[in-house]
Amino acid sequence: MSSFKARLALLKALLVHIPLLLKTTLLHGIQMSPVKGKQDLRTELTVAILRSFMNTRAPLGKTQRDGIRDPGVKGPMWISKVTLPQPENDVRDAVLHAIESLKTGDETYDIPEAVPVEGEWTGYRAGAGKHTKEPDLSEEEKYLKLREESPSDMTILYFHGGAYLIDIEISLLDPCSHRVPVAHLSRLTGAPAFSVRYRLAPQNPFPAALVDALTAYLSLVHPPEGSLHKPVPANKIILAGDSAGGNLSLVLLQTLLTLDRTNRTVRFHGKDVAIELPAGVATVSPWCDITRSMPSCSKNAWLDYLGASPTPSDDTPFETIPFIPDDVWPTTPPRADIFCNSTILGHPLVSPLAAPAELWKNAPPIWISMGEEGLADEGIIVGRRFHEAGVPIVAELYEGMPHCHGMLLLDTPVSHEFFKGFSEFCRDAVAGRVKSAGTLTWRSFKLRSTKEIPIEKACEVSDEEARSLMKKSADWRLKTEIEMQKEWHAKARL
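Going by mature numbering (1 follows the signal peptide of the UniProt record, and there is no 0), the letters in the sequence shown line up with residues -29 to -1, 1 to 465, in that order.
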């Protein structure tokens, strides 16, 4: 779809929400907003609009077909699109080995194939204006230009967010939707970024995305024949991502740690390669609990656009995301969760919150940035586990800010502070100079003050309580899934 048509679709979507925008602006202006003292007008309007969009449902297949709207490449960025060749299925088998090594019960999952993986090399383009179009060059020529302006020996392997799917009516999240913030990160670090177009659910449930992530990582370290890039040492790679991409960054790290612990090599394009760990992992509002069972999911919903999580009930079945049924959703046979089977929701490679501290031992430095959002508790608890395992951890939380605020609210003081911390961590991790005080840096509304909170005291939810809440929520979904499948099998026999 052309850039003009994309803007027209956005305008039409916003026109429907004019009453909401007027009401929000009025209440904010007369200081009767429910988020007074926590959010400025731009933030409040952004949250209100996104919350409204996320409550709008359509058939998932139609949303997917209509949703990916590449805006084209323009402005101060270089984009070079590539496809990583399909590796041997041993990459897939390595992921399955990690899954099986961490299983605790009867978890079930689909077995995907290893496939070619698309991605975009992204870098900053100096001297280009906001509307400057990309030059008519080959992908290789654009890559060479990108590398000229991204001279760092660091590479950022970036995984976009979007809940491993998307149900916002404006667009699907994809590398093309993250070009501006990723190019800005490249500018601040001087490093190229490789943004991965990994497979999405429900058509490609867990662990397809993880197989693609491992393929991309190994391709950086061991470039397949014909690659544009030269080998990147593992200790020069930063895994990074927002939301579901933060989840994917962490579960890829846990996969690498598991393979390393079990001395597993991987057959990759004809060579047996050893597993090496990256320099660090940077996560933005990481989705660490797929069940969304932590208290902050409801407690902080008034500040966030993600909405409150339903409370498990013995009398009420779990309600799957209410898309209008089509050929994509519900799946065949039906699942309660779009991303994976309910039996595996509590697996460490699905929900990093399920991984005990000992599984993170020997991990490289990790950065976590959050708002006062629905996913705050799970991010803090996982950060606490990193600290317990002796992993250098840099964690920060911004008062009143919603999910992925730093990437949504570009060109604001909060976003500038966010990107400053993001880029500094990447540079420090590659240089081996990350210092961890074992604290969470809390930044107040409008950055008026900061305070350091010991990370073990930053969330009142204990590890035992977190495990109990996750299990209760996963069991609720599983109970519903079993009933859904019974009904489906009964209909199939008719």
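For each residue, glycine too, the CB sits at the ideal point set by N, CA and C.
In whole angstroms, what separates the C-alpha of residue i from that of residue j?
i	j	result
tryptophan 338	serine 214	13 Å
phenylalanine 177	threonine 287	26 Å
proline 47	glutamine 2	38 Å
alanine 307	glutamate 349	21 Å
glutamate 367	arginine 464	54 Å
glycine 361	glutamate 110	42 Å
tryptophan 447	isoleucine 351	24 Å
leucine 73	threonine 233	11 Å
threonine 226	leucine 219	10 Å
glutamate 140	glycine 403	Confidence at glutamate 140 is low in this model, with a pLDDT of 36, below 50, so the placement of that residue is unreliable and no value is reported for it.
alanine 69	proline 266	30 Å
histidine -13	isoleucine 20	7 Å
valine 405	glycine 133	29 Å
lysine 104	valine 44	6 Å
alanine 179	glutamate 71	15 Å
leucine 117	leucine 128	15 Å
valine 18	alanine 187	33 Å
serine 51	valine 321	31 Å
proline 5	aspartate 81	44 Å
serine 23	aspartate 41	23 Å
histidine 200	glycine 32	35 Å
leucine 346	glutamate 59	36 Å
proline 304	glutamine 456	6 Å
glutamate 89	phenylalanine 165	10 Å
glutamate 196	arginine 356	40 Å
proline 122	cysteine 268	41 Å
threonine 451	proline 283	11 Å
alanine 326	leucine -8	45 Å
lysine 332	histidine 358	10 Å
Would DSSP call residue i helix, strand or coil?
i	result
proline 260	Inspection of the sequence shows that residue 260 is occupied by aspartate rather than by proline. It is coil, neither helix nor strand.
aspartate 138	Only weak support exists for where aspartate 138 lies, its pLDDT of 38 falling under 50; the value from the coordinates is given anyway. Residue state, collapsed to three classes: coil.
threonine 412	strand
leucine 381	coil
isoleucine 295	coil
aspartate 446	helix
valine 62	helix
isoleucine 1	coil
leucine 128	strand
valine 401	helix
valine 88	strand
leucine 55	strand
proline -11	helix
alanine 99	coil
tyrosine 114	helix
glutamate 395	helix
residue 521	The requested residue 521 is not part of the displayed model; the chain covers only -29 to 465.
aspartate 434	helix
glycine 76	coil
lysine 428	helix
glycine 32	helix
residue 468	Here the chain comprises residues numbered -29 to 465, so residue 468 is not present and cannot be evaluated.
methionine 372	coil
alanine 360	coil
For residue i, which residues of its own chain have a beta-carbon under 6 Å away from its beta-carbon, when the five flanking residues on both sides are left out?
i	result
threonine 262	Leu316, Met441, Ser444, Ala445
glutamine 10	Gly371
serine 264	Leu440, Met441, Ser444
threonine 291	Ala307
glycine 251	Ile209, Pro335, Pro336, Ala400
threonine 229	Ala69, Ser72
Report the partner residues of residue i according to the DSSP bridge assignment.
i	result
lysine 104	Lys45
threonine 93	Ile50, Ala164
threonine 254	Gly212, Ile339
arginine 238	Asp243
glutamate 423	Thr412
alanine 366	Ile339, Leu411
For residue i, collect the residues of the same chain with a Cβ closer than 8 Å to its Cβ; drop the 5 residues on either side in sequence, then sort them by chain order.
i	result
leucine 381	Val151, Pro152, His155
proline 384	Lys417, Leu418
threonine 421	Thr412, Trp413, Arg414, Ser415
aspartate 243	Thr236, Val237
valine 299	Pro30, Leu31, Gly32, Gln35, Pro173, Gln174
Quick one: what's got a C-beta closer than 7 Å to residue i's C-beta in the same chain, skipping five residues either side?
i	result
alanine 99	Gly46, Pro47
glycine 392	Ser340, Glu367
alanine 184	Phe130, Val167, Tyr169, Leu219, Leu223
glutamine 57	Ala85, Val86, Pro87
asparagine 312	Thr79, Tyr80, Arg306
alanine 272	Gly278, Ala279, Gly345
glycine 314	Looking at the sequence provided, one finds threonine at residue 314 rather than glycine. Here the set comprises Asp77, Glu78, Thr79, Leu449.
Against chain C, does residue i count as a neighbour if the rule is that its beta carbon must be under 7 Å from one of theirs?
i	result
glycine 345	This model lacks chain C altogether, as it is built from one protein chain only.
Quick check for students: name the residue ranges of the alpha helix (DSSP H) that lie wholly in the stretch 141 to 214, counting only runs of 4 or more. 150 to 160, 179 to 192
With a floor of 4 residues, list each alpha helix (DSSP H) that falls wholly inside the stretch 262 to 337, ordered by position along the chain. Segments of the alpha helix (DSSP H) lying fully in the stretch 262 to 337: 267 to 270.
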